[in-house]
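Asks: Numbering of the sequence shown is given in our numbering, commencing with residue 77 and proceeding in unit increments. Here it is, the structure, as structure tokens.
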Amino acid sequence: MIEIHSQLLVDADMIPDTGRATHCLLALPYVLFVCLFISNVTAQDESATNSPLWNKDYRHVHKSQVVAMNQHQYETALSDARTILSENPQDGESLYFATLALAHLDRKDEAIAMLQQALAAGVPAVRFARSPADWNAALLRIPDIHQRLSISASRANLVHGPMLGNVTSGGVDVWVRTDRPAKVQIAVSQSPNSPDRLSNSVSTTEEADMTAVVHLTGLASDSRYYYWTFVDGQLVRPNSTPSQTYSGTFRTAPITGQATKLTFVFGGGAAYIPRNTYAWKTIQGQDADMMLLLGDNVYIDDPSNLPYQRYLYYRRQSQPYFRDMATSLPIASIWDDHDFGDNDCEGGPEIDSPAWKRPVWQVFRQNWVNPGYGGGDSQPGCWYSFPCGDIEFFMLDGRYYRTASPSDGSMPTMLGPVQKAWLKQVLIQSAAKIKVLCSPVPWIGGNADKWEGFAEERTELFRWLDQSRIEGVLLLSADRHRSDLLVTRRPGSYDLYEFMSSKLTNHHTHAEINQDQGALFSYNDKCSFGLVTVDTRADDPVIQYEIKTIDNESVFTFSLSASQLQFSHGPTNQR
């Protein structure tokens, strides 16, 4: 993704007059559009409850339709869609593909009728405004189709985002995708009533898959802001609340090193299962400061098929609950095997071998808004770190350079030498009281795909923590389809506590584990996520881990103090 920096904020007088003076007129198509799909926001998801697909792994049910569309085999795509629809008449994805295929077959009336069914089933209209490859080209040539979709035919439409990320003490990044090249600006204010400063414009481009990131800087630390989105000078109203003008809200981070109270959600295992998509709404209601997505975020499992990757990201970012959440809950993400390659994959030591590695990384960059992406173009990856007051997060890439059997006989590595050297350097430099090491796979237990399969490297890292007198380390992980509290006992040092959660929306479940496997608690009954609060304002900072279900039920709470993450430590509390 080409990131066009927008680091200057200008006075409110520079907000385009057209955007300020014609809000009511400009909002009309967006209001129609919002009412169209928000009124059916749960239709597609809830219809799955009564569908034979309910008991299936929905992740790749429609892949044959994707393949057929990519190969311009529209009769095949239509036939495959209708096969599913014969038993699942409200299946939104099949209605989506049937609509696109009928348009390419020049069966316009049938395409329009199928489109109406798709919209009624809850498929967001933006899915038809922007698609991978040229899937939607024939549909958009049908007369009056833009009016039916309540989108503009003459100017750019915002189709994904805004999504927040990379919150700092002085700013935030705002990610967007449009349906055609456009100039995007973000206005901000500490009042929800009207913006007072406007960013310079950034451009969405085809090269970046119509995405752009607006970098807002110069803001006050630890402060609440509201923001507005303008596309080509036109105000875009929010998806779920068309009467509201601002897109969302965020709070800047405290100054690095400042004591703070931070609440964040974390998890992984977010396959697209329609009946579970309300998890994003539950998470949005937690009033958290940010969310960490620790891998298996979309489940691609086909690293050479870029249109399929984009289709899955588009589907996720069009989902109304996710989209609403991302407007006001900053997200930091890493990948795991199902986002990067396929099940239990290893990328190997080379930067550009296999050949699909860099393109997968580029698609990942185009669809998230992280503080960093490994070492950039010269050393691709998804590792990075970021502070929040006197708490610091270290996000790890366990796939790009993973090598289980090095050809030179050296130690198997999950991180690769460059990332491992980086991790040690940033940990040495960190003055944070709490240092959160985020891995896509569990640090303890599991099979050879987890850190258990890289025990020598794990031992090296843990011994290095002791040798370097690194205190305050908390472990986070994902991958197993459940939520756990784990602990690595370390006689002579402080124990390493690990919070693991990776069943955000997944259908599949892994068995609970017990104390013999390192678990102090394990839960797999419902989809769940971790809710963590770190309060460093006390003399002995406190960390609380709560496991919450998709239905907002609290099933477990655990707390420990920072003194327990030092080389002399005391008891924990759990209930």
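Idealized CB from N, CA, C, for every residue including glycine. This one's a predicted model, so the numbers in the text were calculated from it and none came from an experiment.
Which whole-angstrom value describes the C-beta separation of G529 and Y477, a residue pair presumed to lie in contact below a C-beta threshold of 8 Å?
Replies: About 15 Å; that fails the 8 Å criterion.
Asks: To the nearest whole angstrom, what separates the beta carbons of G343 and A554, a pair I think is in contact under 8 Å?
Replies: About 6 Å; that satisfies the 8 Å criterion.
Asks: Would you report the Cα separation of A408 and V439, rounded to the nearest angstrom?
Replies: Going by the C-alpha atoms only, they are around 16 Å apart.
Asks: Which residue from L641, V494, D627 and T633 puts its Cα closest to that of R565?
Replies: It is L641.
Asks: Excluding the 5 residues preceding and the 5 following R556 in the sequence, name in chain order all residues of the same chain whose CB lies nearer than 7 Å to its CB.
Replies: These residues qualify, in order along the chain: P518, G522, M576, S578 and H586.
Asks: Classify W498 as helix, strand or coil using the three-state DSSP reduction.
Replies: Helix at W498.
Asks: For M286, which residues of its own chain have a beta-carbon under 6 Å away from its beta-carbon, when the five flanking residues on both sides are left out?
Replies: So the list reads R253, T254 and T280, once near-sequence residues are dropped.
Asks: Out of T609, E629, N628 and P456, state which residue places its alpha-carbon closest to the alpha-carbon of Q620.
Replies: Ranking the options by Cα distance to Q620, first place goes to T609.
Asks: Which ranges would you report for the beta strand (DSSP E) in the region 247–298 if only whole runs of at least 3 residues count?
Replies: Fully enclosed beta strand (DSSP E) runs of 3 or longer: 248–254, 258–265, 273–275, 278–280 and 287–292.
Asks: Suppose the cutoff is 6 Å on Cβ atoms and the five residues either side in sequence are ignored; what does the same chain contact list for A187 look like?
Replies: Once the five neighbours on either side are set aside, the close Cβ partners of A187 are T175, L178 and A179.
Asks: To which residues of the same chain is K184 closer than 6 Å at the C-beta, ignoring the five residues directly before and after it?
Replies: Closer than 6 Å at the Cβ level, and outside the excluded window around K184, lie I218.
Asks: Which same chain residues, not among the five before or five after F632, have their C-beta less than 6 Å away from its C-beta?
Replies: For F632, where only same-chain residues beyond five positions count, the Cβ hits under 6 Å are F597 and I623.
Asks: Thinking C-beta only, is V289 closer than 7 Å to W251?
Replies: Cβ distance < 7 Å, so W251 and V289 count as in contact.
Asks: Among Y570, Y134, S637 and Y301, whose alpha-carbon lies nearest the alpha-carbon of Q543?
Replies: Comparing Cα positions, the closest option is Y570.
Asks: Reducing DSSP to helix, strand and coil, say where G529 ends up.
Replies: Helix, per DSSP.
Asks: What alpha helix (DSSP H) runs, 4 residues minimum, are completely inside the region 215–250?
Replies: Correct list: 221–225.
Asks: I need the straight-line Cα distance from P493 to N590, nearest angstrom please.
Replies: Roughly 34 Å between the two C-alpha positions.
Asks: Taking 8 Å as the cut-off, does the region 202–210 touch the region 237–251 (at least 3 CB pairs, one atom from each stretch)?
Replies: Judged by Cβ distances under 8 Å, the region 237–251 makes no contact with the region 202–210, as fewer than three pairs qualify.
Asks: Quick one, which of R224, S506 and R475 has its alpha-carbon nearest E426's?
Replies: Nearest of R224, S506 and R475 to E426, Cα basis: R475.
Asks: Please classify Y301: does DSSP put it in a helix, a strand, or coil?
Replies: DSSP places Y301 in strand when its eight states are reduced to three.
Asks: Can you find the residues in the same chain that come closer than 7 Å, C-beta to C-beta, to D611, ignoring five residues on each side of it along the sequence?
Replies: Excluding residues within five positions, the ones whose Cβ falls inside 7 Å are K337, P617 and V618.
Asks: For F469 versus V512, is the C-beta distance shorter than 7 Å?
Replies: Result yes, Cβ atoms of F469 and V512 sit closer than 7 Å.
Asks: Are the beta-carbon atoms of S404 and T339 separated by less than 7 Å?
Replies: For S404 and T339, no; Cβs fall outside 7 Å.
Asks: Just to confirm the assignment, what range does the beta strand (DSSP E) spanning I626 have?
Replies: Segment: none, I626 is in no beta strand (DSSP E) and carries neither H nor E.
Asks: Helix, strand or coil for K602, going by three-state DSSP, please let me know.
Replies: Correct three-state label for K602: coil.
Asks: What's the C-alpha gap between L552 and W437?
Replies: Spanning the two alpha carbons is a distance of roughly 23 Å.
Asks: Below 6 Å CB to CB, which residues in the same chain sit around L295 once its five sequence neighbours on both sides are set aside?
Replies: Cβ within range, chain order: G246, G247 and T328.
Asks: Work out the CA separation of R392 and T305 for me, nearest whole Å.
Replies: About 21 Å.
Asks: Please tell me whether, using a cut-off of 6 Å, the distance from the CB of V610 to the nearest non-hydrogen atom of the ligand PLP is below it.
Replies: Only the bare structure without any ligand can be found here, which leaves the ligand PLP out of the picture.
Asks: For L537 and V260, what's the separation of their Cα atoms in angstroms?
Replies: Distance between the alpha carbons of L537 and V260: 44 Å.
Asks: Measure the C-alpha to C-alpha separation of K433 and H583 and round it to an integer number of angstroms.
Replies: In a straight line, the C-alpha of K433 is about 28 Å away from that of H583.
Asks: Who are I520's beta bridge partners in DSSP?
Replies: According to DSSP, which records beta bridges pairwise, I520 is partnered with nothing at all.
Asks: What distance in whole Å lies between the Cβ atoms of I510 and I546, which are believed to be in contact at a cut-off of 8 Å?
Replies: Going by Cβ atoms, the distance from I546 to I510 rounds to 12 Å, so no, they are not a contact pair.
Asks: Are A258 and A229 close, meaning C-beta to C-beta below 7 Å?
Replies: No, the pair does not count as a contact, with Cβ atoms beyond the cut-off.
Asks: Are A194 and L171 close, meaning C-beta to C-beta below 7 Å?
Replies: Contact flag set, yes.
Asks: Have a look at D627, Q192 and E282 and flag the residue whose alpha-carbon is nearest the alpha-carbon of R256.
Replies: Comparing Cα-Cα distances from R256 to each of D627, Q192 and E282, the minimum goes to E282.
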